[in-house]
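Peer 1: Under my numbering, the residues of the sequence shown are numbered 22 to 760, in order.
All residues carry an ideal CB built from backbone N, CA and C; glycine is no exception.
Below are the structure tokens for one structure; questions will follow.
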Amino acid sequence: MSDRDRPRRDGRGERDTRDQRESRGQGGPRGQRGSRGQGDSNRGDSSRGRRPDRPGRERGDGGRRQQGPPLPDDVNASDLDPEVRRDLLTLDKANAEIVAKHLVMVSRLLLEEPALALEHARAARGRASRVGVVRETTGIAAYNAGEWQESATELRAARRITGNNALLPLIADCERGLGRPERAVEIARGDEGRSLTGEDATEMRIVEAGARIDLGEPEKAVVTLQAENLKPGQVGTGPARLYYAYASALYASGRRDEAITWFMNAAAADIDDVTDAEFRLTELANDDAPVGNDEPPVDGVDVLSDSAVSEVPPAAEPATPEPGTAEPVTAEPAPAESIATPEPVTAPEPVAAPEPVTPAPVSAPEPVTSAPVSSPEPADTIDSLEGTADLSATSSYVDEGSTGSQALVDKYDALLLDLDGTVFAGHQALPNAVDTLDRLDIPRFFVTNNASRRPAEVAAHLRDLGFDATDDLVVTSAQSGARLLSEHLPPGSRALVIGTDGLAQEVREVGIGVTRSADDRPAAVIQGHSTETGWAQLSEAALAIRAGALWVATNVDATLPSERGLLVGNGSMVAALRNATGKEPLVAGKPAAPLMADAIARAAANSPLVVGDRLDTDIEGAHAVGIESALVLTGVSTVTDLLAAPPEQRPTYVIDDLAGVFDDIDAVRVADQPGWTVIVDASTVTVSGSGDEIGLVPALAAATWAAVDTGTADPEELRIRAEGTARDKLASLGVTLVG
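The structure is reproduced here in structure tokens:
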């Protein structure tokens with residue numbers, strides 16, 4: 022959101038409201054505090070300072086409770102920025118849809134109807150109070166509605182959840198709105214305020230300068246801003262706002278002529294018309310009143326002064342104009358990376374997260390419609406990364422210097438790797454896996470549905486096989502399952518654990534007690550794979566689930582790969598409980614979104630690639646969070662499975678093994694490939710030609726999917742014919758051929 026869209030303390034058309042702002046510190050600005058709860062049918066004014074109802078009481082209601090303001094028929098959850106939607110993946114699907122719609126409405130209404138936007142934000146908070154982006158959005162909506170106390174409370178909660186210090190400037194400006202400018206200065210000059218950098222630091226200095234003016238210390242405001250780059254001639258929103266703030270500080274300190282010069286600099290820099298500098302110049306040109314009768318408060322938000330300003334108490338009779346009347350304004354931090362962190366939102370374009378990022382905490386996000394997850398088309402590219410491995414002996418990787426081609430890995434900023442069937446098989450590393458991962462130039466994270474071992478054990482196993490792995494590179498479904506529990510249950514609740522001691526420890530570490538008996542009346546059951554699980558353990562779980570306990574499954578993999586073949590997986594035992602109880606669990610692991618969302622957050626990646634061997638977990642899991650994927654043909658899913666895959670299980674790329682991440686990206690993309698001819702007649706697929714072997718399966722899949730999607734081929738009746746080198750290649754991959 023640009024500054025022209027933000028509430029202004031001294032903007033055009035607002036001079037007649039300044040007398041209303043005298044109430045700051047005595048009930049709040051704009052005289053709205055007393056009526057705040059009138060539009061909130063769910064919470065009322067008495068909700069201020071109350072802890073939100075616990076999420077465990079808010080979820081799973083199918084949208085019947087905590088309705089909030091009406092949602093128009095034309096609002097769609099898909100209109101929300103995909104990075105923001107990822108932050109909602111920990112919620113159950115129905116609840117996430119409603120929360121997303123409320124966030125879309127916040128975006129629509131934030132500028133024109135801030136009070137109604139806040140009602141929608143409160144409704145989202147009531148359903149997802151432990152989701153950082155929701156709390157941040159509520160804080161921003163409250164800020165724009167002039168609800169300083171609520172805004173500060175929500176922004177602090179968001180900061181605790183996300184760790185996003187870029188929210189500090191807004192929090193400090195809320196303190197100004199509450200009539201506590203001294204507290205704003207403390208935040209700005211504290212260790213965390215001083216740690217801010219870049220545009221966040223600039224914004225905090227602007228806030229500090231405004232607080233100094235409020236305290237009757239305009240000269241300190243001037244010195245505070247002199248720590249910034251005040252070189253004239255810059256253009257854009259950032260320089261315009263900085264110049265404007267500096268002009269305001271000069272004017273407040275009685276330096277009218279200098280102030281006019283800097284308002285002129287602000288007007289020249291303001292190519293997007295985000296300040297009212299021209300208005301101020303016109304006003305000053307016709308204003309013969311003594312300096313200080315109508316000083317413009319500082320417009321903006323964010324960080325502290327690095328300058329050494331001696332702290333002195335404010336003068337009893339400050340000569341500055343009405344220091345307590347300025348109302349906080351929103352900041353324009355740098356655009357989000359991010360939704361790293363996480364990352365915070367631009368109301369609600371947070372963060373996101375992951376956001377980690379330099380979020381734009383006060384701007385409303387433009388709704389974004391994400392591409393259908395079934396599309397194998399590529400996402401945004403990352404052009405700055407280069408693969409350097411020379412694996413010509415094991416793949417078709419060609420040096421970019423000689424061909425100009427781009428390696429698959431070069432497009433992405435992190436790899437999210439499955440383990441069994443992708444990196445290793447039981448106690449053996451798969452061919453080329455160790456060498457490939459050693460040569461990667463980008464981060465790689467090991468993402469596993471196996472909940473039987475803790476990250477330290479998984480990392481130790483990887484190191485035993487020759488991989489370079491640390492505990493923090495391992496993301497498990499046990500961790501995600503425990504996090505789901507923590508978001509649905511109040512701290513101190515008890516969960517029945519069906520699984521290993523490692524899973525039990527993950528549960529304890531999120532503040533949930535552990536039991537192994539249904540007699541303890543657990544609030545939830547969490548189920549993960551264990552070789553010790555039998556009739557007795559499953560019966561305890563069935564009793565608890567039938568008594569009303571929340572049920573979380575770490576994964577629903579029907580089988581577990583091993584050197585001997587496919588063994589019984591956790592999903593098969595989940596099926597037994599499903600049959601016994603008639604209930605459905607919340608699922609943490611792939612293909613459900615929580616595990617993938619956790620991996621993306623851990624990687625702090627903008628453009629990660631999922632690499633896995635199973636269509637129904639790894640590839641479908643990538644679709645669940647809207648990112649691209651590569652299928653390796655070293656594990657469970659075969660070429661035959663690939664050709665019959667439904668849209669939600671179709672990968673973007675197909676590679677023989679991990680070394681394929683260094684193959685030419687176009688050669689392994691599922692698409693028509695030069696040198697290969699694929700003809701689909703009814704359900705018979707015939708492939709011939711002599712193209713690059715690594716493009717054979719991608720070409721075959723592309724043609725087959727096209728025929729299946731148009732209804733000219735039945736995926737259950739596919740028969741493959743091949744000639745020449747295609748026949749040899751497909752036979753080596755285990756494809757049963759006809760003719």
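With DSSP collapsed to three states, give me the class of residue 750.
Peer 2: It is helical.
Peer 1: So residue 740 packs on residue 706, CB below 8 angstroms; how close in whole Å?
Peer 2: With 8 angstroms as the limit, residue 740 and residue 706 qualify as a contact, their Cβ atoms being about 7 angstroms apart.
Peer 1: Could you spell out the range, first to last residue, of the beta strand (DSSP E) harbouring residue 629?
Peer 2: Per DSSP, residue 629 belongs to the beta strand (DSSP E) from 629-633.
Peer 1: Could you check which residue in 94, 690 and 124 has the C-alpha nearest to that of residue 761?
Peer 2: Because the chain here runs from 22 to 760, residue 761 falls outside it and cannot be looked at.
Peer 1: Rounded to the nearest angstrom, what separates residue 207 and residue 638 at their Cα positions?
Peer 2: Going from the Cα of residue 207 to the Cα of residue 638 covers about 50 angstroms.
Peer 1: Is the separation between the beta-carbon of residue 517 and that of residue 504 shorter than 8 angstroms?
Peer 2: No. Outside cutoff.
Peer 1: Run through DSSP, which three-state label would residue 463 get?
Peer 2: Correct three-state label for residue 463: coil.
Peer 1: Can you give the Cα-Cα distance for residue 523 and residue 552, rounded to whole angstroms?
Peer 2: When rounded, the distance between both Cα atoms is 13 angstroms.
Peer 1: Let me know the secondary structure DSSP gives residue 445 once reduced to three states.
Peer 2: Strand, per DSSP.
Peer 1: For residue 532, which residues of its own chain have a beta-carbon under 8 angstroms away from its beta-carbon, when the five flanking residues on both sides are left out?
Peer 2: Closer than 8 angstroms at the Cβ level, and outside the excluded window around residue 532, lie 507, 512 and 513.
Peer 1: Note down the Cα distance separating residue 469 from residue 118, rounded to an integer number of angstroms.
Peer 2: So the alpha carbons of these two residues sit roughly 27 angstroms apart.
Peer 1: Could you give the distance in angstroms between the alpha-carbon of residue 240 and the alpha-carbon of residue 573?
Peer 2: Using only the alpha carbons, I get a separation of about 59 angstroms.
Peer 1: When you compare the CB positions of residue 287 and residue 270, do they come within less than 8 angstroms of one another, or not?
Peer 2: Cβ distance not < 8 angstroms, so residue 287 and residue 270 don't count as in contact.
Peer 1: If you run the structure through DSSP and keep just helix, strand and coil, what is residue 494?
Peer 2: It is helical.
Peer 1: Just curious, the beta strand (DSSP E) that residue 649 is in, first and last residue?
Peer 2: Counting along the chain, the beta strand (DSSP E) containing residue 649 begins and ends at 649-653.
Peer 1: Look at residue 246 and residue 226 and say whether their C-beta atoms are less than 8 angstroms apart.
Peer 2: For residue 246 and residue 226, yes; Cβs fall inside 8 angstroms.
Peer 1: Is it buried or exposed for residue 530, if we count other Cβ within 10 angstroms and need 16 for buried?
Peer 2: With fewer than 16 other Cβ atoms within 10 Å, it is exposed.
Peer 1: Could you tell me whether the Cβ atoms of residue 575 and residue 610 are closer together than 8 angstroms?
Peer 2: Cβ distance < 8 angstroms, so residue 575 and residue 610 count as in contact.
Peer 1: Assign residue 606 to one of two classes, buried (16 or more other C-beta atoms within 10 Å of its C-beta) or exposed (fewer than that).
Peer 2: With 16 or more other Cβ atoms within 10 Å, it is buried.
Peer 1: Starting from residue 592, follow the alpha helix (DSSP H) in both directions and report where the run begins and ends.
Peer 2: Unbroken alpha helix (DSSP H) run through residue 592: 591-602.
Peer 1: Flag this pair as yes or no: are the beta carbons of residue 232 and residue 262 separated by less than 8 angstroms?
Peer 2: No, they are not a contact pair.
Peer 1: Buried or exposed for residue 292, going by 16 or more other Cβ atoms inside 10 Å?
Peer 2: Result: exposed.
Peer 1: Where are the alpha helix (DSSP H) runs, 4 residues long or more, that stay fully inside the stretch 694-744, in chain order?
Peer 2: Complete alpha helix (DSSP H) runs here, min 4: 717-730.
Peer 1: Roughly how many angstroms separate the alpha carbons of residue 303 and residue 94, rounded to a whole number?
Peer 2: Cα-Cα distance, rounded: 46 angstroms.
Peer 1: With distances taken Cα to Cα, identify the nearest neighbour of residue 641 among 264, 627 and 578.
Peer 2: Considering only alpha carbons, the answer is 578.
Peer 1: Which same chain residues, not among the five before or five after residue 658, have their C-beta less than 7 angstroms away from its C-beta?
Peer 2: For residue 658, where only same-chain residues beyond five positions count, the Cβ hits under 7 angstroms are 634, 635, 636 and 652.
Peer 1: For the alpha helix (DSSP H) that contains residue 528, what are its first and last residues?
Peer 2: 522-529 is the extent of the alpha helix (DSSP H) around residue 528.
Peer 1: Less than 8 angstroms separating the beta-carbons of residue 137 and residue 90?
Peer 2: Yes, they are a contact pair.
Peer 1: Would you grab the beta carbon distance between residue 205 and residue 193 for me? Rounded to a whole angstrom, and I think it's under 8 angstroms.
Peer 2: Confirmed, about 4 angstroms.
Peer 1: Jot down the residue ranges of each uninterrupted alpha helix (DSSP H) in the stretch 147-196, minimum 4 residues, whole runs only, in chain order.
Peer 2: For the stretch 147-196, whole alpha helix (DSSP H) runs of length 4 or above, ordered along the chain, are 153-165 and 169-183.
Peer 1: May I ask you to verify whether the stretch 105-120 touches the stretch 653-672, counting CB pairs closer than 8 angstroms and requiring at least 3?
Peer 2: No, because fewer than three Cβ pairs between the stretch 105-120 and the stretch 653-672 fall closer than 8 angstroms, the two stretches do not touch.
Peer 1: Determine the contact status of residue 290 and residue 264, defining contact as a CB-CB distance below 8 angstroms.
Peer 2: Yes.
Peer 1: What does a CB cutoff of less than 6 angstroms around residue 203 pick up in its chain, not counting 5 residues either side in sequence?
Peer 2: Same-chain partners within the cutoff: there are none.
Peer 1: If the criterion is Cβ atoms closer than 8 angstroms, does the pair residue 711 and residue 746 meet it?
Peer 2: Yes, the pair counts as a contact, with Cβ atoms nearer than the cut-off.
Peer 1: Please name the residue or residues paired with residue 556 in a DSSP beta bridge.
Peer 2: In the DSSP output, where bridge partners are listed per residue, residue 556 has none listed.
Peer 1: State the CB to CB distance for the pair residue 678 and residue 451, rounded to an integer number of angstroms; the pair is presumed to be in contact (CB under 8 angstroms).
Peer 2: About 6 angstroms separates the two Cβ atoms, so the contact holds.
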